[in-house]
Amino acid sequence: MKNIRSLIAVCSLSLFGLSACSTTKGEGQYSAKANWTSSFLSQVVGGQTVPDGVNNWQCKPAEGQNPVVLIHGTFSSTMYSFGALGPALANQDLCVYSIDYGAADPSDWFKGVGAVDESAQRIADFIVSVKTATGQDKVTLVGHSQGGLIGFYYLKMLGGSQHVDRFVALAPSVNGTSIAKTPNRELVDYCVACADQHPRSALLRKLKEGNITVPGVQYSVLVTKNDKVVLPVEKQFVEEPGVQNLYIQDRFPGKRVSHSGMLYDEESLGLISQLVKGEQVETAANKP
């Protein structure tokens, strides 16, 4: 409780330079959290486990749109990562779903620390549940950070392409990150996923045998140049035919937004929504 009280006491500060005292933002049926800290406090103090508008099992997708499945990253949760994106998509009449995965213990505040391949299977099972509930043949997949890596792994290694029409990877650790300390699972006691995200991990070496992408899926990768977590930043891109690789700064030159801040920044959320719906993103390079 001491840590919680400390967080509340400094609610005027935020991990991303936003006011954590403002808990919601935007208009619409579903309320979006203003920042990561607001989402964290809503879960840890308020007991909210999923964002507004997420996991409505009575939702039926509109014609031409599939249900959207969100995958959070390491040391995160559905609530922490998608407190703004979930409601933003739901307010656009999309059916949005997400699940926590990879917790060392179910009561842990931070999830996404388990082995990536095991977490990918958890996501695979969840996607089957979403398809069954919505009556749709395919889903649109969105993964942030490790969630992006899980998406690529699921599509290639677990036959996920038969269940997914579009995949939007946000700051994905698909090529690992230089901040990971070791590629050896046996040398870590808690975060096996951290070892899996080392550039030389056995999991990544296996994933990169041949092309990472698979036919039948529309791939987009959205990255911020200000990322300090998945490094080097340019390694977040997948340089394969048919993959749309974008910097947020291609659309908004000079914009400063962090690895997790992109999930709460209004302009970045607009870009993500466009990619999720399969819309053309206008940049300086393709502007008429």
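All the letters of the sequence shown, read from the start, carry residue numbers -22 to -1, 1 to 266 under mature numbering (1 follows the signal peptide of the UniProt record, and there is no 0). Where is the CB? At the ideal position from N, CA and C, for every residue including glycine.
For Y79, the closest of D167, L224 and Q99 by C-alpha to C-alpha distance is Q99. Within its own chain, the residues whose Cβ lies closer than 7 Å to the Cβ of H176, once the five positions on either side in sequence are excluded, are G154, A158, T160 and P161, listed in chain order. If you look at A171, you'll find it in the alpha helix (DSSP H) that goes V170 to D174.
Of the residues C172, F60, K213 and C37, the one whose Cα lies closest to the Cα of G92 is C172. Only residues of its own chain outside the window of five on either side were considered, and among them A149, V211, Q214, S236 and H237 have a CB closer than 8 Å to the CB of D205, listed in chain order.
For L136, the secondary structure class from DSSP, reduced to helix, strand or coil, is coil. In this chain, the beta strand (DSSP E) harbouring V74 covers V74 to S76. In the three-state DSSP reduction, T118 falls in the strand class (E or B). Distances from the alpha-carbon of P219 to those of D243, V192, Y225 and C37 put V192 closest. One thing to note: T118 has its Cβ within 8 Å of the Cβ of N44. Sequence-distant partners of Q222 (beyond 5 residues in either direction) whose C-beta falls short of 6 Å from its own C-beta, in its chain, are S198. In the three-state reduction of the DSSP assignment, F53 falls in the coil class.
Per the C-alpha coordinates, the member of V259, K233, C37 and Q36 positioned closest to V146 is V259.
In the three-state scheme derived from DSSP, where H, G and I count as helix and E and B as strand, R234 is classed as coil.
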